[in-house]
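Student: Taking the working numbering, the leading residue of the sequence shown gets 9, the next gets one more, and so forth.
Backbone N, C-alpha and C define an ideal beta-carbon position, used for all residues, glycine too.
Keep in mind the model is a prediction, meaning the values are calculated, not measured.
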Amino acid sequence: MLKSTFKKKTYLEQCTDYRHDVLLKGMIEMGFAFEEIEETIRMVQSEKLDIRTITMGISLRDCSGDTANTIAEKIYDKITRKAENLVKVAEELESEFGIPIVNKRISVTPIAIVADNIEKDDFIKIALSLDKAAKNVGVNFIGGYSALVHKGFTDGDLNLINSIPQVLSETERVCSSVNVATTKAGINMDAVALMGKIIKDTAYRTKENDGIGAAKLVVFCNAPEDNPFMAGAFHGVGEGECVINVGVSGPGVVLAALSKLPKTADFGQISETIKKTSFKITRAGELIGRLAAQRLNTSFGILDLSLAPTPEIGDSIANILESMGLSKCGSHGTTAALALLNDAVKKGGVMASSYVGGLSGAFIPVSEDAGMIEAVEAGALSLEKLEAMTCVCSVGLDMIAIPGDTPYETISAIIADEMAIGMINKKTTAVRIIPAPGKKEGDYVEFGGLLGHAPVMKVNSFSPKDFINRGGRIPAPLHSLNN
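#1: For L68, count the other beta carbons within 10 Å of its own beta carbon; 16 or more makes it buried, fewer makes it exposed. Which is it?
#2: Please look up how many angstroms separate the CB atoms of D130 and P173, rounded, as I've assumed it's under 8 Å.
#3: Leaving out the 5 sequence neighbours to the left and right, which residues in its chain are closer than 7 Å to S331 when beta-carbon positions are compared?
#4: Enumerate in chain order the residues of its own chain whose CB-to-CB distance from K140 is below 7 Å, with the five nearest sequence positions on each side excluded.
#5: Kindly indicate which residue of L367, Y363 and V122 has the alpha-carbon position closest to the one of T78.
#6: For the beta strand (DSSP E) holding M405, just list the boundary residues, first then last.
#7: Could you tell me whether the region 202-222 touches the region 141-151, using the rule of 3 or more Cβ pairs below 8 Å?
#8: Tell me whether E454 sits in a helix, a strand or coil according to DSSP, three-state version.
#9: Go ahead and label S185 buried or exposed: buried means 16 or more other beta carbons lie within 10 angstroms of its beta carbon, across all protein chains shown.
#10: Below 8 Å between beta carbons: does that hold for F242 and S361?
#11: What do you reckon, are the CB atoms on T437 and E426 nearer than 8 Å?
#12: State the Cα-Cα distance for the pair K112 and I296, rounded to the nearest angstrom.
#13: Should P463 go down as buried or exposed, given a rule of 16 or more other Cβ atoms within 10 Å for buried?
#14: Is the beta carbon of A409 less than 8 Å from the beta carbon of I442?
#15: Look at the alpha carbon of E247 and the alpha carbon of I195, and state the distance between them as a whole number of angstroms.
#16: Mapping DSSP to helix, strand and coil, what is K208?
#17: In whole angstroms, what is the alpha-carbon distance linking K159 and R478?
#18: Are the CB atoms of L315 and G258 nearer to each other than 8 Å?
#19: Out of F475, V403 and R481, which one is the CA nearest neighbour of V227?
#20: Considering only DSSP beta bridges, list what C250 is partnered with.
#21: How do the region 208-222 and the region 276-283 stand: do at least 3 beta-carbon pairs fall below 8 Å, yes or no?
#22: Taking 7 Å as the limit between beta carbons, can you name the residues of its chain near N253, skipping five residues before and five after?
#23: Check each candidate in S471, D74, M407 and A292 and name the one with the smallest Cα separation from I109.
#24: CB-CB under 8 Å to K86, same chain, minus the five flanking residues each way: which ones, in chain order?
#25: If you drop the 5 nearest sequence neighbours on each side, which residues of the same chain put their C-beta closer than 8 Å to that of P232?
#26: Can you tell me which residues form a DSSP beta bridge with V256?
#27: Would you identify the three-state DSSP class for S185, choosing helix, strand or coil?
#28: When the Cβ atoms of the region 332-339 are set against those of the region 282-292, are three or more pairs found closer than 8 Å?
#29: With distances taken from CA atoms, which of K192, R60, V145 and I325 is nearest N8?
#30: Does G412 pass the burial test, meaning 16 or more other C-beta atoms within 10 Å, or should it be called exposed?
#31: List the DSSP bridge partners of C229.
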C-alpha cells in the first residue's frame, strides 16, 4: 500500500486559502478571467501589490454657519456620521481578500468655501474639528483644508491660507492644499509669493520634526477635484454628496514584470508589458472600490491608477526606470523613460476601470522612494532634473527637502516654474517641498512611515527676488482659448 503524502495545512495556510477563495468569488462575479485572478493573488503575495488608499469624499457645502463654532460642530457631526464605518469596511475587505489597504482617508469640500465668512484666528477651531473627526473615525489623514485662488483671493481664502502654519503645527491628521494656477486662468503670482512664505513658516513651526508640517501642504496647478491621495486631496464642488475614490499602487509589480523581459527587449515590448501589468493592478482596485462603495451605501467615484512608491526596497519608480537600462535615475534618458512609463500606465489602466480620475500616472516623491534617495545620494538626481521629469508625469516636485535657510522668494520661484509647466501643458502639477529648519545641503530629514526620509538637496543660489515681487497674474496661454 502506498503511504499517504497528505499534510495537514497550518492555520495560516487555511486563512490564506480562505482569503483567496473570497478574492476568487469576487473577481469571478465581476467578470475577471481565471488567469487574471491567479496573477492578482501572486502580485499580492510576492510583488507588493496594495491598495494605497480608500478615500471617502464628503461634501460639506451644507455645513456653513454664522460662527466658527457652529461650522465646526456641523463639520464634526457630518464627517463622523458619513465615515463612521469607513475603516471597518476597509479592514473587512482587506481581511477577506488578502489585499493590503494601506490607508483609509477622508477628503472634504475646500474649507475656504465652507467657512468664507470666518476670521483668520477662528479657522483653528474648524481645523481642530476636522482633526478630531478624523481621529474619531480612525483615518490617518483628512484633506481639504484648502483654497482655490488661481484667479484671485476672497477674504476667506486669505484668512485660511494665513492660518495654515498654525493649523498644520497644531493638528495631526489635517492636510492642506492651495490651487494657485490653471490653464484657463493663468498663474496667480500674488498667491505664489504668499505660499513661499507660508511653506517657510509651516516648516519652522514644526522644526522639532524636521519641518514635517510642510509635508502636509501642497501647492497646485490644475488641481483635480477627485484626487484620493494626500496631501492634496479635496472633495470638489462638482462632486456628489459622498463618494469612494480609490488609489492603487504597484511599482513592485511593474518592476517584477520588467525584470522578466530579456535585456534585448525593445521599448515597444517594455511599453506593452507595463500596459498589461497596469491593467491587472487597476482591475484589483476596481473590485475593492466598488465593493467598498456598496457596503458603505454610497457611490463609487473614481479609481486613480497612479504608481505611488514607498520607502521599501523594490517598491520604487526610480528602480523601474533603471530597469530599462539607465545606470542611475537622473542620468540622461531618465525623462524619456519616465514618459514611456507614465503613458503605458495610463493606457493599460484606463481600460480596466469604468471611471479613471484623480492624478493617474507615476509619482516621483524623493523621500518616499528608496531608488530616488539613492540617486540623490549618488549625485545623479538634482532639483533641476526632477523639474524636467515633472513635464511628463504626475504630479510634480514632491517630498523634496531643501536647506532651511532657503529664501521664501526662491521657494516661490520653484513653485512658479512648476505651475508654468502645468499651465502650458494642460496638466496637473504640484509642489510639496520642505525647507528643513537648521538643515543644510547633504544633511538628512526623517519623517517616518510612508513619508520616509531624504537628503537635503542643493538649491540654486541666484536670487529670483525681484521677479517674485512683481506680483499680479501671469496670463493664461493662447491655447486656453479653445471655445
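Tutor: On the basis of the data shown:
#1: The sequence position of residue 68 within the sequence shown is 60, counting from 1. Label assigned to L68: buried.
#2: Residue 130 sits at position 122 when you count from the first residue of the sequence shown. Residue 173 sits at position 165 when you count from the first residue of the sequence shown. A Cβ-Cβ distance of about 16 Å is found for the pair D130 and P173, leaving them out of contact under the 8 Å criterion.
#3: Translated into positions along the sequence shown, residue 331 becomes position 323. The residues are L263, L266 and S267.
#4: As a first step, residue 140 must be located in the sequence shown, where it is residue number 132. Contacts found: Y84.
#5: As a working mapping, residue 78 is identified with position 70 in the sequence shown. It is V122.
#6: Start at 1 with the first residue of the sequence shown, and residue 405 comes out as number 397. Looking at the sequence itself, residue 405 is Leu, so the reference to Met does not match. Going by DSSP, L405 is part of the beta strand (DSSP E) stretching over L405 to P411.
#7: The region 202-222 vs the region 141-151: no contact.
#8: One-based indexing of the sequence shown puts residue 454 at position 446. In the three-state scheme derived from DSSP, where H, G and I count as helix and E and B as strand, E454 is classed as strand.
#9: Reading the sequence shown from its first residue, position 177 is the one you call residue 185. By the neighbour-count rule (16 or more Cβ atoms within 10 Å), S185 is buried.
#10: By 1-based counting over the sequence shown, the position of residue 242 is 234. By 1-based counting over the sequence shown, the position of residue 361 is 353. No, they are not a contact pair.
#11: Counted from its first residue, the sequence shown places residue 437 at position 429. Counted from its first residue, the sequence shown places residue 426 at position 418. In this structure, the beta-carbon distance from T437 to E426 falls below 8 Å.
#12: Mapped onto the sequence shown, residue 112 falls at position 104. Mapped onto the sequence shown, residue 296 falls at position 288. Distance between the alpha carbons of K112 and I296: 13 Å.
#13: As a working mapping, residue 463 is identified with position 455 in the sequence shown. Buried is the call here.
#14: Along the sequence shown, read from residue 1 onward, the residue named residue 409 stands at position 401. Along the sequence shown, read from residue 1 onward, the residue named residue 442 stands at position 434. Yes, the pair counts as a contact, with Cβ atoms nearer than the cut-off.
#15: The sequence position of residue 247 within the sequence shown is 239, counting from 1. The sequence position of residue 195 within the sequence shown is 187, counting from 1. Cα to Cα, the separation comes out at about 24 Å.
#16: Here residue 208 corresponds to residue number 200 of the sequence shown, with the count starting at 1. If DSSP states are grouped into helix, strand and coil, K208 belongs with the helices.
#17: Looking up residue 159 in the sequence shown gives position 151. Looking up residue 478 in the sequence shown gives position 470. Their backbone Cα atoms lie some 16 Å apart in a straight line.
#18: Counting from one through the sequence shown, the residue named residue 315 turns up at place 307. Counting from one through the sequence shown, the residue named residue 258 turns up at place 250. Yes, Cβ-Cβ distance for L315 and G258 is below 8 Å.
#19: Within the sequence shown, numbered from 1, the residue matching residue 227 stands at position 219. Minimum Cα distance to V227 is reached at V403.
#20: Taking the sequence shown and counting its residues from 1, one reaches residue 250 at position 242. Answer is I66.
#21: Counting C-beta pairs with one atom in each stretch, the region 208-222 and the region 276-283 have fewer than three that are closer than 8 Å, which means they do not touch.
#22: Taking the first residue of the sequence shown as 1, we reach residue 253 at position 245. Here the set comprises T63, G65, D234, P236, G309, I310, D312 and G366.
#23: Taking the sequence shown and counting its residues from 1, the one referred to as residue 109 is at position 101. Ranking the options by Cα distance to I109, first place goes to A292.
#24: Looking up residue 86 in the sequence shown gives position 78. When the five nearest sequence neighbours on each side are left out, the beta carbons in the same chain lying within less than 8 Å of the beta carbon of K86 are those of I66, L68, D70 and C71, in order along the chain.
#25: Along the sequence shown, read from residue 1 onward, the residue named residue 232 stands at position 224. G244, G365, G366, L367 and T436, listed in sequence order.
#26: Here the question's residue 256 lines up with position 248 in the sequence shown. Per DSSP, the beta bridge partners of V256 are I59.
#27: Along the sequence shown, one-based indexing puts residue 185 at 177. For S185, the secondary structure class from DSSP, reduced to helix, strand or coil, is strand.
#28: Touching, no.
#29: For residue 8 there is no data in the structure shown, the boundaries of the chain being 9 and 491.
#30: Against the sequence shown, residue 412 aligns to sequence position 404. Its Cβ being crowded by 16 or more others within 10 Å, G412 is buried.
#31: As a first step, residue 229 must be located in the sequence shown, where it is residue number 221. Within the DSSP bridge table, the entry for C229 names A189 and T437 as partners.
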